[in-house]
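The sequence shown begins at 5 in this note's numbering and counts up one residue at a time. Where is the CB? At the ideal position from N, CA and C, for every residue including glycine.
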Amino acid sequence: MSSLISRIGEELRSPELAERIKKIFEKAGIPWDLNPTDLDINRFEAVANSMIEELDPSEGRLVYGKLLEKLRECGSGLPEILEEKVFPEKLPPEKRKESFGEIVLHVDPEEAAEEAKRCLRCRNPRCVEACPLHFPVPAFLKLTAEKKFDNACRIFLSLIPTPATCSRICIGYCEEACTLNQLAGKPVKIRNVKRAISEVTDASENLPKPRPHTGLKIAVVGSGPAGLTAAYHLRLLGHYVTVFEASDRIGGMLIDAIPEFRLPSRVVEKELELLRILGIEFKPKTLIGRDLMIDDLFNQGYHAIFIATGGGEPLVPKIPGLELKGVHMALDLLRKVKRGEHVDISGKVWVIGGGDVAMDVARTALRLGVEEVKIMYRRSRREMPADEKEIDATLEEGIEIVFLTQPIELIGEGGRLKKMKCVKMRLGEPGPDGRRIPIPIPGSEFEVDADHVIFAIGGRPSTKWIREEDGIELTERGLIKVDEKLATSRPGVFAGGDVVRGLST
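Put into structure tokens, the structure is as follows:
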């Protein structure tokens with residue numbers, strides 16, 4: 005190992021860096037007389053994590069690349085193990101514009117098993133810490149690598165009832181945190197592995213068995229991801245569970261707004277059937293706060309209520325011209341398209357925003373056959389909240405993103421949108437969320453032609469239905485206030501998801 009490290013230092017023309025690499029190997033407990041071909045993936049894990057701690061990102065990538073190069077020259081099999089193995093079958097970009105069909109067609113389970121072998125099995129896995137669910141990624145990947153696919157599926161189902169859905173729309177904080185991503189920008193493709201497991205296994209045969217009935221009745225308000233997950237775990241604990249949904253369709257945004265090319269309705273419907281198999285009851289077209297009040301639920305014999313009403317109320321910009329024909333809110337348009345309703349949209353279309361919803365609605369407009377669609381975002385790509393893979397897919401489909409620009413006025417003619425007045429922006433200091441604050445550049449105003457503009461600038465949970473007599477305290481932001489156990493100020497009422505945290509993934 006000593007001579008190998010020396011050669012790396014010589015090639016990088018940095019004796020000082022070579023000394024630091026030696027210390028990294030010492031810290032990792034790698035003996036100097038170890039044959040490079042004996043540096044297996046377990047030993048390499050310690051080296052890789054020491055590199056992340058001791059080197060800055062640019063140095064780390066440089067050293068990692070050189071190390072693999074030299075190991076390959078020495079005949080080590082480690083570089084081959086660490087190469088990406090899974091390559092999903094995808095619909096070509098030119099075909100996507102003609103169809104709302106799913107883009108990722110298939111993930112081969114054999115490839116997924118090989119990809120899972122890339123996992124370093126880190127002793128302190130960043131991937132687990134980064135995941136909001138603390139999904140046990142190393143254990144899941146180990147089972148997949150061993151082709152124990154049903155066991156891997158059971159890990160999924162121990163946490164959530166929607167593995168096929170999750171593998172398609174999860175934002176992938178685990179991949180971002182992956183040691184191999186930190187070092188080389190090539191994380192283990194965890195989401196693809198999850199997708200393969202969801203396809204190769206039958207979730208209905210791997211469902212956990214609920215405990216014996218407790219006799220307790222629980223009402224869950226809202227059938228989005230938080231509501232469905234809560235209902236699932238409550239049912240597994242042995243409680244009777246009823247899910248109330250305001251819409252005529254169960255599934256919240258999953259079924260009502262996320263485009264078919266990202267999340268087909270058939271996938272959601274199949275996973276909803278898992279919950280029905282467990283005995284969970286669904287009551288659509290029931291708006292709590294109108295059709296039934298919180299008191300009514302208690303009076304009907306429910307022992308506890310879990311509120312998970314999500315965040316479907318769009319933020320509306322404060323600029324002139326919003327009343328013009330041709331101005332749309334993204335979620336409204338996505339819902340209409342998902343339901344197969346006619347959408348009057350054509351010509352030159354602008355989408356305002358930088359999140360996943362902006363990408364979704366721009367790509368939807370493209371599939372509706374508009375002449376041209378562009379996205380306008382007031383910050384740079386670095387600050388975009390959208391998932392990187394969704395941004396990449398948007399660009400692959402030929403949609404242009406105009407950065408550091410913001411609309412300030414919508415200009416119409418005869419009551420219909422014709423132009424959009426915009427201003428160039430520059431980035432100032434970081435704000436509370438860590439992203440740099442956009443600042444208008446004086447004198448940079450200009451106009452663009454626009455037949456339609458779609459605003460996708462975020463949303464917020466609606467808690468207007470909560471009455472003072474319900475006894476549920478709200479925060480200054482209008483969210484439901486809960487303690488560490490998700491209990492609200494009213495005994496027996498709990499809440500979770502976006503209605504508590506604000507809009508997130």
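Between the options, which has its C-alpha nearest residue i's C-alpha?
i: I173; options: L211, R125, E209 and P229; result: P229
i: L211; options: I194, G231, L220 and H237; result: H237
i: K101; options: L483, V67 and L399; result: L399
i: F407; options: D437, L372 and I443; result: I443
i: L319; options: I311, H332 and A312; result: H332
i: C178; options: A156, P165 and L145; result: L145
i: S208; options: A149, G305, A234 and L276; result: L276
i: L220; options: G231, G226, D299 and A235; result: A235
i: T183; options: E57, G231, L414 and T169; result: E57
i: A52; options: R122, K151, P96 and E93; result: R122
i: P268; options: Y68, S103, I470 and C426; result: S103
i: E49; options: D396, R195 and K31; result: K31
i: I222; options: D206, T205 and L241; result: L241
i: Y244; options: N185, E84 and L282; result: L282
i: E203; options: K193, P167, R505 and P191; result: P167
i: K352; options: D154, M363 and V452; result: V452
i: E87; options: W354, Y68, L95 and K151; result: Y68
i: R226; options: G105, A491 and T467; result: Residue 226 is actually Gly in this sequence, not Arg. Ranking G105, A491 and T467 by Cα distance to G226 puts T467 first.
i: L95; options: V427, K489 and A397; result: A397
i: K206; options: P216, P214, E387 and F153; result: The question names Lys, but residue 206 is Asp in the sequence shown. Here the closest residue by C-alpha is F153.
Measure the alpha-carbon distance for residue i versus residue j and round it to whole angstroms.
i: R270; j: S251; result: 18 Å
i: F361; j: L335; result: For the record, residue 361 in the displayed sequence is Val; it is not Phe. The alpha-carbon atoms of V361 and L335 are separated by roughly 8 Å.
i: G256; j: I292; result: 15 Å
i: D44; j: L21; result: 23 Å
i: I34; j: C131; result: 24 Å
i: H346; j: G373; result: 13 Å
i: V486; j: G231; result: 16 Å
i: C78; j: K340; result: 60 Å
i: R266; j: I107; result: 7 Å
i: K3; j: T409; result: The requested residue 3 is not part of the displayed model; the chain covers only 5 to 509.
i: K393; j: E473; result: 45 Å
i: P263; j: D42; result: 49 Å
i: D260; j: I298; result: 25 Å
i: S18; j: R24; result: 10 Å
Could you round the C-beta distance between residue i and residue j to whole angstroms and report it? I think they count as a contact, below 8 Å.
i: G496; j: H307; result: 7 Å
i: V365; j: A460; result: 6 Å
i: V503; j: T313; result: 5 Å
i: L187; j: G64; result: 5 Å
i: K425; j: E413; result: 4 Å
i: P97; j: H110; result: The Cβ separation is near 17 Å, so there is no contact.
i: K70; j: L16; result: 7 Å
i: F286; j: V247; result: 5 Å
i: T169; j: A156; result: Contact doesn't hold; Cβ gap of about 17 Å is too wide.
i: G176; j: R199; result: Actually they are not in contact, since the Cβ atoms of G176 and R199 sit about 12 Å apart, beyond 8 Å.
i: S493; j: I470; result: The Cβ separation is near 11 Å, so there is no contact.
i: L338; j: T290; result: L338 to T290, Cβ: 23 Å. No contact.
i: V90; j: A116; result: 5 Å
Suppose contacts are defined by Cβ-Cβ distances below 8 Å. Is residue i in contact with residue j by that definition?
i: I445; j: M429; result: yes
i: E376; j: S350; result: no
i: R481; j: R440; result: no
i: R239; j: I284; result: yes
i: R119; j: V224; result: Here residue 119 turns out to be Glu, not Arg, going by the sequence shown. Going by C-beta atoms, E119 is not nearer than 8 Å to V224.
i: P465; j: G315; result: yes
i: F29; j: I9; result: yes
i: G325; j: I415; result: yes
i: I159; j: A181; result: no
i: I403; j: L370; result: yes
i: P288; j: E249; result: yes
i: I309; j: I484; result: no
i: L72; j: P83; result: yes
The beta strand (DSSP E) spanning residue i covers which residue range?
i: V497; result: V497 to A499
i: T246; result: Y244 to F248
i: I34; result: Segment: none, I34 is in no beta strand (DSSP E) and carries neither H nor E.
i: T368; result: T368 -> not in any beta strand (DSSP E); alpha helix (DSSP H) instead, spanning D360 to R371.
i: H237; result: Unbroken run through H237 is the alpha helix (DSSP H), P229 to L240; no beta strand (DSSP E).
i: I415; result: T409 to E417
i: P83; result: Taken as a continuous stretch (DSSP letters only), P83 belongs to no beta strand (DSSP E), being part of the alpha helix (DSSP H) at L82 to L86.
i: V320; result: That residue, V320, is in no beta strand (DSSP E); it is neither H nor E in DSSP.
i: I458; result: H456 to F459
i: E404; result: E404 to V406
i: D502; result: Here D502 belongs to no beta strand (DSSP E); instead the alpha helix (DSSP H) covers D502 to R505.
Starting from residue i, trace the alpha helix (DSSP H) both ways and give me its first and last residue.
i: G64; result: P61 to E77
i: C426; result: Careful: C426 lies outside any alpha helix (DSSP H), inside the beta strand (DSSP E) at R420 to P434.
i: I194; result: I194 to V204
i: R130; result: R130 to A134
Quick check: is any heavy atom of the ligand GTP less than 7 Å from the C-beta of residue i?
i: I159; result: What this structure holds is no ligand at all, so the ligand GTP is not there to describe.
Determine, using beta carbons only, whether residue i comes closer than 8 Å to chain C.
i: D455; result: Within the model displayed, chain C is absent; a lone protein chain is all it includes.
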